[in-house]
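Notes follow once the structure below has been shown.
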Amino acid sequence: REIAAVGLRLDAASLPDLVLGLGLGFAQITALFLCEVGLGWVSVLGSFEVFAPGESFFLNFLIDIVFHLAVAVNEELPLRGWLLLNVAGAFSSQLSTPPRLSFFIAVAMQTGLFAM
């Protein structure tokens with residue numbers, strides 16, 4: 004399958020989904036961090052600090068953002084996009100299940116697999 008077949012395209016129609024996905028991801032991680040701080044599992048010792056005196060905090064932060072975006076795309080595209088689409092397609096074509104049910108089964112299987 005082509006990359007566009009898994010829904011990866013950058014156009015005006017996909018922009019709201021991209022913004023929503025980034026916003027939800029940011030909100031989930033922020034909520035988790037706030038819960039950890041509230042439960043006393045994490046304590047903030049300082050802010051805007053770097054390890055070496057000559058380093059730039061903002062440059063390090065930008066590099067960290069680019070790195071984590073690359074890792075996220077590298078994980079999500081093959082596992083959530085390609086695999087999910089192929090498993091749903093296999094259920095639909097081999098077992099003649101309706102497309103929505105095939106997608107639901109594929110999501111449930113993948114969720115169960117990742118929860119182990």
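Quick note: the sequence shown, position 83, residue 86 per this note's numbering, numbers continuous. Note that beta-carbon positions come from the ideal geometry of N, C-alpha and C, so glycine has one too.
Does the Cβ-Cβ distance between residue i and residue j come in under 8 Å?
| i | j | result |
| --- | --- | --- |
| E39 | V45 | yes |
| V9 | L88 | yes |
| G84 | L18 | no |
| P102 | S96 | no |
By alpha-carbon positions, which one of the options ends up nearest to residue i?
| i | options | result |
| --- | --- | --- |
| L65 | F51, D20, G26 and N89 | F51 |
| L82 | G28, I68 and Q113 | Q113 |
What residues in its chain sit with their C-beta under 8 Å from that of residue i, if we drop five residues either side in the sequence?
| i | result |
| --- | --- |
| N63 | V53 |
Using a Cβ-Cβ cutoff of less than 6 Å, which residues in the same chain neighbour residue i once the five nearest sequence positions on both sides are dropped?
| i | result |
| --- | --- |
| A109 | L87, V90 and A91 |
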